[in-house]
Amino acid sequence: MELSENTPLNLPLFLLNDQIEQRDIKSPDLTLEVILDETLLAHLCQNPSADENISINLQSYQLKAEQVVYDNIPGGENQAQLLLNHGPILSAVVSVDDEHVFISPPIEMMPTFDLGEEEDS
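Per this note's numbering, the sequence shown starts with residue 1, numbered consecutively.
Laid out in structure tokens, this is it:
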């Protein structure tokens, strides 16, 4: 996964329940979009040790309902976090006001950055 400042990070979200493992990854319930600013990128550049994880509370993000049954969620009360585990492995968790929890599949990532050092040929 390539991470660049001021670009969107889009993650599919699925209702956390007993059927989650049988769900089709191409049919999420919601989509979380967050713009990667300098602070968020700094958090995502960490690689926690095997016995720790990093929770990043998101202040600015957008939710989009991908299933009609969840159309009311983007406008309601909710909280979103990115979770970074050893690997680094990134996932997202969104809690909504009716106590439902949506999670994204874990994504292995190795952040790469454009340092502006490309040579002109």
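The C-beta atom is built at its ideal place from N, Cα and C for all residues, glycine as well.
Length of the line joining the Cα atoms of residue i and residue j
i	j	result
T7	C45	15 Å
F35	L41	Rather than Phe, the amino acid found at residue 35 in this sequence is Ile. Their Cα atoms are separated by approximately 10 Å.
P106	N85	9 Å
L32	L9	8 Å
D18	N53	24 Å
E5	M109	16 Å
I122	N57	The structure shown does not extend to residue 122, since the chain spans only 1 to 121, so no value can be given for it.
Q79	V68	20 Å
G87	Q22	25 Å
Test item: CB-CB of residue i and residue j under 7 Å
i	j	result
D29	Y61	no
P97	E77	Looking at the sequence itself, residue 97 is Asp, so the reference to Pro does not match. A contact, by the Cβ cut-off of 7 Å.
Q124	S49	Nothing in the structure corresponds to residue 124, since the chain is present only between 1 and 121.
Residue i - containing alpha helix (DSSP H), residue span
i	result
E38	E38 to L44
Limits of the beta strand (DSSP E) - the one that residue i falls within
i	result
N10	P8 to L15
Complete beta strand (DSSP E) runs within the segment 27 to 114 (minimum length 3 residues, chain order): Listed in chain order, they are 30 to 35, 53 to 58, 62 to 65, 78 to 85, 89 to 96 and 101 to 103.
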